[in-house]
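Contents: one structure, followed by commentary.
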Amino acid sequence: MLEMILFASIKVIVVVIAVLTGCAYSTLLERKVVGHMQHRMGPNTAGPYGLLTPLADGLKLIFKEEIRPANVEKITYLLAPVISFVPAVLTFAVIPFGKDNTFFGKDFTFVLSDLNVGVLFVFAVTSLGIYGIVLAGWSSGSKYSMMGAVRSSAQMISYEVGYGLSIVGVIIIANTLSLRELVELQMGPLWGTITFLPNWYIFSQPLGFILFLTCVIAETNRAPFDMPEAESELVAGYHTEYSSMKFSMFFIAEYANMIAVSSVGATLFLGGWHGPFLDSMPMLSVLYFVIKVFLFMFFYIWLRATFPRFRYDQLMALGWKVLFPLALFNTLITAFFVIL
Amino acid sequence: MNLDFAIFIVSALLAVSGAALMITLKNPVLAVMSMIVSLVAQAVLYIQLGALFIGAVLIIVYSGAIMVLFLFVIMLLNLRGAEDLGKQSSPVKLSLKFLFGLILFVELVFIIKTGFMHGNVEVGVLAESVNNFGSVAEVAKLLFTKYLYPFELTSILLLAAIVGAVVMSKRDDAETDTISDNNEVQS
């Protein structure tokens with residue numbers, strides 16, 4: 022019993038540290054990639070290739086003076102960064118990030134908790150993330166923050182519908198809600214016949230995958246759907262009045278959310294930890310998973326460097342008039358083929 | 112004291128105290144937040160009973176969507192504390208409220224007591240979960256067989272509400288014209 026608890030705690034700590042490091046280095050990745058796309062170098066002074074930049078950023082943010090405006094609602098103002106940060110990290114509890122393995126004669130599963138409703142857990146946790154933003158915007162007592170919060174709550178509720186429906190197709194095909202089983206079902210050749218392609222759901226659910234990609238960008242408030250913080254209109258949106266470490270909590274939460282939805286995407290559509298040579302070297306599975314998550318992250322950053330921001334009414338029209346009907350259509354078609 | 116019992120006690124306390132705080136706090140946003148805490152604690156209780164699906168849906172639907180709308184409305188009305196809640200009700204109304212509260216309480220005690228007397232209520236931390244109680248498949252089976260008519264009726268009710276909302280938010284023709292003109296100018 023005690024050994025089990027100890028073991029589980031170590032696993033949790035390792036995963037959380039890995040995610041936080043991932044967040045820190047995603048900021049560097051973003052600045053580097055966007056820099057090169059704009060014919061700049063990006064940060065390159067701290068350490069070789071600027072590799073120590075995230076550390077320097079963190080230190081700077083910790084030592085910055087914290088300014089709290091006079092007319093904030095104190096309790097909610099202090100709680101908001103934590104509320105937005107915790108759900109982002111909680112998602113990783115159900116993500117399978119490697120093939121089961123044995124170490125030193127002990128079975129080791131590369132998933133913190135194998136819930137049989139893992140997909141629903143991800144949704145439940147994602148839907149709680151919105152409170153951090155809403156409360157931050159409301160309690161700051163600033164019109165820019167308020168506008169950002171109102172926008173984000175409308176946007177996130179709207180796109181959550183599309184987000185949920187976009188993966189219903191996958192669930193209909195797989196007939197399970199457990200993320201671990203979903204990964205196992207994506208093994209082998211495509212539909213058991215086409216040998217040169219893996220049986221990933223991106224091939225059986227191309228429309229679902231595109232819808233998923235679009236919706237999660239809105240869900241994580243990333244460009245081109247970053248209305249809640251649109252800096253040219255709202256200064257910084259919901260976190261205008263935050264400074265120092267509290268501001269960076271929002272920042273970390275945003276990147277943790279990105280990594281979380283990237284992991285969900287990799288698990289649902291790209292076969293999770295699948296890849297060649299897993300039989301001889303099972304540890305490769307973790308590497309494959311990281312590579313797939315990295316591809317998603319790169320795609321996000323690429324989009325940010327490419328597209329201008331949407332206008333707010335365009336965003337809502339896209340969500341309700343295009344993505345929602347398409348997702349319903351996808352569900353219907355998938356159900357039809359499954360029944361056939 | 113085992114782990115299950117500890118989890119039950121903590122989440123039950125959180126659920127009850129969250130509900131109590133919700134009706135006593137003067138700050139509406141804090142009241143909404145304590146209701147969220149109560150709902151999440153209830154979800155934990157469901158999950159502990161083995162009803163993973165019901166627990167997850169409770170969080171997705173109530174904490175994730177409905178409570179966000181509550182917050183949204185409070186934010187838009189910008190209610191910031193006791194002074195926005197209106198004046199104290201008159202003594203007659205107040206005593207009526209207490210009377211109804213008392214009646215409800217007596218009823219509750221009566222129900223619990225008869226339940227215990229006849230011994231047909233499972234008492235304890237964990238009743239044995241029967242036949243995948245609360246799993247996706249079980250809920251769906253009940254929903255589409257035994258409770259099909261109530262289920263469909265509820266969906267019609269919701270549809271009526273949506274249609275009503277659309278009708279109410281639709282402006283007159285004259286007004287719509289000016290609005291669309293404005294939009295053209297802006298774009």
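Residue numbers (my numbering), protein chains in the order written: chain U, 22 to 361; chain B, 112 to 298.
In this text, a Cβ means the ideal position worked out from N, Cα and C, and glycines have one as well.
None of these values were measured; they are calculated from a predicted model.
Residue i versus residue j - alpha carbon distance
i, j, result
"U/Leu228", "U/Ile192", "14 Å"
"U/Thr42", "U/Asp78", "13 Å"
"B/Ile170", "B/Ile177", "10 Å"
"B/Phe119", "U/Met279", "33 Å"
"U/Ser173", "U/Lys267", "19 Å"
"U/Ala114", "B/Leu160", "20 Å"
"U/Leu324", "B/Ser122", "43 Å"
"B/Lys257", "B/Leu136", "41 Å"
"U/Ile360", "U/Thr352", "12 Å"
"B/Val234", "B/Leu156", "Bear in mind that a pLDDT of 47 at B/Val234, under 50, signals an unreliable position, so the number given afterwards is only what the model happens to contain. Roughly 14 Å between the two C-alpha positions."
"U/Leu73", "U/Ala91", "36 Å"
"B/Leu207", "U/Leu141", "43 Å"
"U/Val237", "U/Val282", "7 Å"
"B/Thr225", "B/Phe216", "14 Å"
"B/Glu301", "B/Phe209", "The structure shown does not extend to residue 301 of chain B, since chain B is modelled only from 112 to 298, so the question has no answer here."
"B/Ala251", "U/Lys32", "35 Å"
"U/Phe10", "U/Arg52", "No answer is possible for residue 10 of chain U: the residues shown for chain U start at 22 and end at 361."
"U/Phe272", "U/Val182", "25 Å"
"B/Gly212", "B/Ser128", "18 Å"
Nearest-angstrom Cβ-Cβ length linking residue i and residue j, presumed shorter than 8 Å
i, j, result
"B/Val140", "B/Leu182", "7 Å"
"U/Thr197", "U/Val146", "Going by Cβ atoms, the distance from U/Thr197 to U/Val146 rounds to 19 Å, so no, they are not a contact pair."
"U/Glu250", "U/Gly162", "With a Cβ gap of about 18 Å, U/Glu250 and U/Gly162 do not count as contacting."
"U/Pro102", "U/Met270", "4 Å"
"U/Val138", "B/Ala167", "5 Å"
"B/Ala152", "B/Leu125", "4 Å"
Close-in-space but distant-in-sequence residues of the same chain around residue i (CB under 6 Å, 5 per side omitted)
i, result
"U/Asp363", "With chain U covering only 22 through 361, there is no way to say anything about residue 363 of chain U."
"U/Phe28", "none"
Same chain, Cβ closer than 7 Å to residue i, five either side skipped, listed in chain order
i, result
"B/Met133", "Ala142, Ser145, Met146 and Ser149"
"B/Val236", "Interpretation of B/Val236 is limited by its pLDDT of 43, a score under 50 that renders its predicted location unreliable; the figure taken from the coordinates is listed afterwards. Around B/Val236: Asp115, Phe116 and Phe119."
"U/Ser134", "Ala114 and Val115"
"U/Asp334", "none"
"U/Leu299", "Lys120, Leu305 and Ser306"
"U/Ser160", "Val93, Glu94, Thr97, Tyr98 and Ala101"
Sequence-distant residues of its chain with Cβ nearer than 8 Å to residue i (five each side left out)
i, result
"U/Phe233", "Tyr184, Ser187, Ile188, Gly286, Leu289 and Phe290"
"U/His295", "Val204, Gln207, Met208, Pro219, Trp221, Ser306 and Tyr309"
"B/Ile185", "Pro139, Val140 and Val143"
"U/Phe320", "Leu234"
"U/Ala326", "Val54, Val55, Met58 and Gln59"
"U/Glu86", "Ser264 and Ser265"
"U/Leu50", "Met318, Phe319 and Ile322"
Where residue i meets chain U, residues with beta-carbon distance less than 8 Å
i, result
"B/Leu163", "Leu136, Asn137, Val138 and Leu141"
"B/Leu182", "Tyr152, Val155, Leu156, Trp159 and Ser174"
"B/Leu141", "Ile96 and Thr97"
"B/Ala152", "Residues of chain U passing the Cβ test: none, with the nearest at roughly 13 Å."
"B/Ala167", "Val138, Leu141, Phe142, Phe144 and Ala145"
"B/Ile171", "Leu141, Phe144, Ala145 and Ser148"
Chain B contact residues for residue i, given Cβ-Cβ distances below 7 Å
i, result
"U/Val107", "Here the premise fails: no neighbours, minimum Cβ distance about 12 Å."
Per-residue contacts from residue i into chain U (C-beta, under 9 Å)
i, result
"B/Ser174", "Ala145, Ser148, Leu149 and Tyr152"
"B/Met186", "Val155, Gly158, Trp159, Met167, Ala170, Val171 and Ser174"
"B/Ile120", "Under the 9 Å cutoff, chain U gives no residues; its nearest Cβ is about 18 Å from B/Ile120."
Neighbouring residues, chain B, relative to residue i (Cβ below 9 Å)
i, result
"U/Ile178", "Gly175, Ala176, Val179, Leu180 and Phe183"
What residues in the region 88 to 103 of chain U have a beta carbon less than 9 Å from any beta carbon of chain B?
Cβ contacts with chain B: Glu94, Ile96, Thr97 and Leu100.
When you check each C-beta in the region 183 to 211 of chain U against every C-beta of chain B, which residues fall closer than 9 Å?
Gly185 and Leu198
Pull out every residue of the region 244 to 273 of chain B whose Cβ sits closer than 9 Å to any Cβ of chain U, in chain order.
Within the region 244 to 273 of chain B, those residues whose Cβ lies closer than 9 Å to any Cβ of chain U are, in chain order, Ser246 and Val247.
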